[in-house]
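Here the sequence shown is numbered in the numbering used here, starting from 64 and rising by one per residue. A short worksheet on the structure shown next.
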Amino acid sequence: MNIDTLLFDLDGTLINTNELIIASFLHTLEQYKPGEYTREHAIEFIGPPLIDSFESVDPTRVDEMIQTYRTFNHAKHDELVTEYEGVYETIERFHKEGYKIAIVTTKIRKTALMGLKLTGLDQFFDVVIGLDDVENAKPDPEPLEKALDALGSSKETAMMVGDSQFDVQAGKNLGVPTAVVGWSIKGEEKIKTFEADYILSNMRDLLAIVGVEHQ
């Protein structure tokens with residue numbers, strides 16, 4: 064496999080924002096629909112853009128719910144975000160070996176940059192495609208195409224790495240190999256249904272898959 068470009072989702076893939084996202088959803092939902100939503104509901108909302116999740120809660124108050132969510136999310140960000148074991152050194156290695164890497168996220172760019180900076184990963188990523196950089200979010204391939212353009216890469220040598228079905232579908236829609244992380248909060252059974260080409264048990268697995276290290 065000839066891969067020189069890796070497109071990474073951010074939340075739940077490179078950085079552990081799960082508790083932050085769940086807390087942000089529960090805080091917001093409790094404010095607008097007291098007692099109606101549980102942690103399990105919040106986990107279901109992880110992946111798609113906020114606008115889609117809140118549309119299903121109350122279409123008339125989507126904008127204010129997003130505002131409430133983001134205010135809480137930014138206030139609690141540094142307290143609740145942690146990194147996944149093996150991610151930093153793997154990304155550093157790809158960077159050192161000259162791979163072209165980008166972030167493709169359904170977060171707005173400002174929030175994405177907060178997470179990258181907190182974990183020190185910002186130094187490795189020159190290209191970050193956020194929700195506010197595109198017309199269509201994943202699973203549409205547009206964000207991935209934008210990232211490839213910015214990197215000067217072609218899809219023939221690219222791969223998509225993420226933690227949700229939207230990441231895998233976006234990769235499939237573009238026609239590139241896909242890898243899903245085994246630590247997705249969605250759980251092992253659910254991960255298998257995404258039908259990604261690879262399931263990673265640690266981000267380091269990716270080094271062997273693309274040929275940086277031999278198995």
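Ideal placement from N, C-alpha and C gives every residue a C-beta, glycine not left out. Note that the structure is predicted; figures quoted are calculated from it, not measured.
First and last residue of the uninterrupted alpha helix (DSSP H) at residue i
{"i": "F279", "result": "The structure shown does not extend to residue 279, since the chain is modelled only from 64 to 278, so the question has no answer here."}
{"i": "T241", "result": "No alpha helix (DSSP H) holds T241; the beta strand (DSSP E) holding it covers 241 to 244."}
{"i": "E128", "result": "One detail in the question is off: residue 128 reads as Met in this sequence, not Glu. It spans 125 to 143 - the alpha helix (DSSP H) in which M128 sits, taken as one unbroken run."}
{"i": "A259", "result": "Per DSSP, A259 belongs to no alpha helix (DSSP H) and is neither H nor E."}
{"i": "I233", "result": "The amino acid at residue 233 is misidentified as Ile; the sequence shows Ala. Segment 228 to 237, the alpha helix (DSSP H) holding A233."}
{"i": "P206", "result": "205 to 214"}
{"i": "D268", "result": "268 to 272"}
Given residue i as reference, the closest of the options once Cα atoms are compared
{"i": "T178", "options": "L73, Y132, M64", "result": "A small fix is needed here, since residue 178 is Gly in this sequence, not Thr. The shortest C-alpha separation from G178 is found at L73."}
{"i": "N199", "options": "I114, K159, F108, R102", "result": "I114"}
{"i": "K159", "options": "Y132, M128, F188, F135", "result": "F188"}
{"i": "A138", "options": "L83, V191, A165, S264", "result": "L83"}
{"i": "T168", "options": "L181, E152, V190", "result": "V190"}
{"i": "D67", "options": "F157, E107, N81", "result": "F157"}
{"i": "G303", "options": "P111, S217, I254", "result": "Nothing can be reported for residue 303, as the shown portion of the chain is limited to 64 through 278."}
{"i": "E127", "options": "T182, Y95, N65, Q186", "result": "Y95"}
{"i": "S116", "options": "G98, T134, T91", "result": "T91"}
{"i": "T134", "options": "D121, K173, P122, V273", "result": "K173"}
{"i": "N81", "options": "G98, S119, H140, V273", "result": "H140"}
{"i": "S119", "options": "Y100, Q130, N136, T131", "result": "Y100"}
{"i": "F229", "options": "L89, E152, I109, N65", "result": "I109"}
{"i": "D212", "options": "K163, Q232, D185", "result": "K163"}
{"i": "I106", "options": "G75, Q130, P97", "result": "G75"}
{"i": "V231", "options": "P202, R124, S217", "result": "P202"}
Cβ distance (whole Å) where residue i is taken to contact residue j below 8 Å
{"i": "V150", "j": "L77", "result": "5 Å"}
{"i": "A165", "j": "L70", "result": "5 Å"}
{"i": "N236", "j": "P206", "result": "N236 to P206, Cβ: 11 Å. No contact."}
{"i": "T220", "j": "N65", "result": "6 Å"}
{"i": "I154", "j": "L184", "result": "6 Å"}
{"i": "A86", "j": "L143", "result": "6 Å"}
Residue range of the unbroken beta strand (DSSP E) whose run includes residue i
{"i": "A221", "result": "221 to 225"}
Practice prompt. Quick one: which unbroken alpha helix (DSSP H) runs of 4-plus residues sit fully inside the segment 145 to 189? Chain order, please.
Written response: 150 to 159, 172 to 181
Worksheet item: Three or more C-beta pairs closer than 8 Å, one from the segment 242 to 257 and one from the segment 220 to 229: is that the case here?
Response: yes
Worksheet item: Can you list, in chain order, the stretches of the alpha helix (DSSP H) that have 4 or more residues and sit fully within the segment 79 to 126?
Response: Listed in chain order, they are 81 to 95, 102 to 107, 113 to 118.
Worksheet item: Counting Cβ pairs closer than 8 Å, one from the segment 226 to 241 and one from the segment 257 to 265, do we hit at least three?
Response: Yes, they touch.
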